[in-house]
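I have placed the structure first, in the form of structure tokens, so that the comments after it can refer back to it.
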């Protein structure tokens, strides 16, 4: 029995409905996936808040510990630098939440998985000797490296908010 | 023309789906990766091998190589990151959420030639964890600090 081949373009010059549906599902899935992953990039950092007047809250960028003397936060409009020898406090904490977005957009099974946000607080003195603080959210792939590098560069140990944060900070 | 365009569209989408899981491919079981740290001139995420010699450990890759003399090591930390396979669960099947993927991290703290403190964070392939930690403990005389009991058990079996 000869099977009729499904026309890609119908006699009316449009895509057949099955192919339209397939293409729509594929596009929608890809878009939803991107939306579900929205958030801070895994190798990025964001200035969340603190006493730094030069930085707006919510400024995204990248942190770097490559300079031997300065901790650098690179953002679109410039660089924010903290000399390591001015740092007098390092704290790390995290906030865990359920993946509600992914659960709604893709699958309810995502409710079993947790999404964590990672926060680093750097306490330091400015050039006038005034105490300042900067809170950064770190992307998940740079937590471990950033904390280890800061400990090495500043000679200070990171204070972990709790045992779970210590575990998470050292595990990644 | 439309026929051709829709074909290209479908092919592109299929390729994107196939490439997506590949983006989650991990490190080779016997390989190591310099994830980051304070090693000067070393580019992050360089994949290579962590070679344990008689007097020093060396990381070698195409773009990065550095040596850490055992005598200069002052701390060893080992931790794991266990994550759900969210990417694969979205791309292929939600059942992947039931499985965990582990990454293994070793942080070596050491003093450089100028006696400055340095740190190198390495990701280790799963087949070299135990020999690497065991050798480093023996050669440096330092104990590995484990993130938690689960990490200790995974690394040493105890």
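Protein chains in written order, with the working numbering: chain A, 1 to 172; chain B, 1001 to 1158. Cβ coordinates follow ideal geometry from the N, Cα and C atoms, glycine included.
- For residue 1062(B), no beta strand (DSSP E) run applies, since DSSP gives it neither H nor E.
- In terms of beta-carbon proximity, residue 1037(B) lines the interface with chain A, with at least one pair separated by less than 8 Å.
- Proximity of residue 1107(B) to chain A, defined by a Cβ-Cβ separation below 8 Å, is satisfied.
- Using a Cβ distance threshold of 8 Å, residue 122(A) and residue 90(A) count as a contacting pair.
- Here the C-alpha atom of residue 73(A) lies approximately 15 Å from the C-alpha atom of residue 86(A).
- From the beta-carbon of residue 153(A), the residues of chain B found nearer than 7 Å are 1038.
- DSSP, read as helix, strand or coil, puts residue 1144(B) in strand.
- Between residue 1129(B) and residue 1032(B), the C-beta gap is not smaller than 8 Å, which leaves the two residues out of contact.
- Annotation: the continuous beta strand (DSSP E) that includes residue 1103(B) extends over 1100-1111.
- Listed along the chain, the chain B residues whose CB falls inside 7 Å of the CB of residue 145(A) are 1035, 1036, 1037, 1121.
- No Cβ-Cβ contact shorter than 8 Å links residue 149(A) with residue 1046(B).
- When rounded, the separation of the alpha-carbon atoms in residue 53(A) and residue 1048(B) is 42 Å.
- Contact between the segment 1146-1158 of chain B and the segment 1047-1066 of chain B is absent: fewer than three C-beta pairs spanning the two stretches fall below 8 Å.
- Shown here for residue 1151(B): same chain residues with a beta carbon closer than 8 Å to its own, the five before and five after excluded, namely 1078, 1079, 1080 in chain order.
- By the rule that beta-carbons nearer than 8 Å mark a contact, residue 1148(B) touches chain A.
- Under DSSP, residue 95(A) shares a beta bridge with 117(A).
- In terms of beta-carbon proximity, residue 65(A) lines the interface with chain B, with at least one pair separated by less than 8 Å.
- In this structure, residue 1035(B) places its C-beta atom within 8 Å of the C-beta atom of residue 145(A).
- At least one C-beta of chain B is nearer than 8 Å to the C-beta of residue 149(A).
- The beta carbon of residue 157(A) does not come within 8 Å of any beta carbon belonging to chain B, so the residue lies off that interface.
- Here residue 159(A) has 91 as same chain residues with Cβ atoms under 6 Å from its own Cβ, once five neighbours each way along the sequence are excluded.
- Neighbours of residue 56(A) in chain B, taken as residues at a C-beta separation under 8 Å, are lacking, since the least C-beta distance is about 27 Å.
- The alpha-carbon of residue 1134(B) is positioned some 10 Å away from that of residue 1141(B).
- Residues of the same chain with a CB within less than 7 Å of the CB of residue 165(A), apart from the 5 flanking positions on each side, are 92, 93, 94 in chain order.
- An exposed status is given to residue 1067(B), since fewer than 16 other beta-carbon atoms sit within 10 Å of its beta-carbon.
- Here residue 1076(B) carries a strand assignment [DSSP, helix/strand/coil].
- Under DSSP, residue 1123(B) shares a beta bridge with 1033(B), 1105(B).
- At the C-beta level, residue 1117(B) and residue 155(A) come within 8 Å of one another.
- Only residues of its own chain outside the window of five on either side were considered, and among them 123, 124, 125 have a CB closer than 7 Å to the CB of residue 88(A), listed in chain order.
- By the rule that beta-carbons nearer than 8 Å mark a contact, residue 167(A) touches chain B.
- Relative to the Cα of residue 1069(B), the nearest Cα in the group 1050(B), 1083(B), 1029(B) belongs to 1050(B).
- Leaving aside the five residues that flank residue 1136(B) on each side, the residues in its chain whose CB is nearer than 6 Å to its CB run, in chain order, 1076.
- By the Cβ-count criterion, residue 1115(B) is exposed, with fewer than 16 other Cβ atoms from all chains shown falling within 10 Å of its own Cβ.
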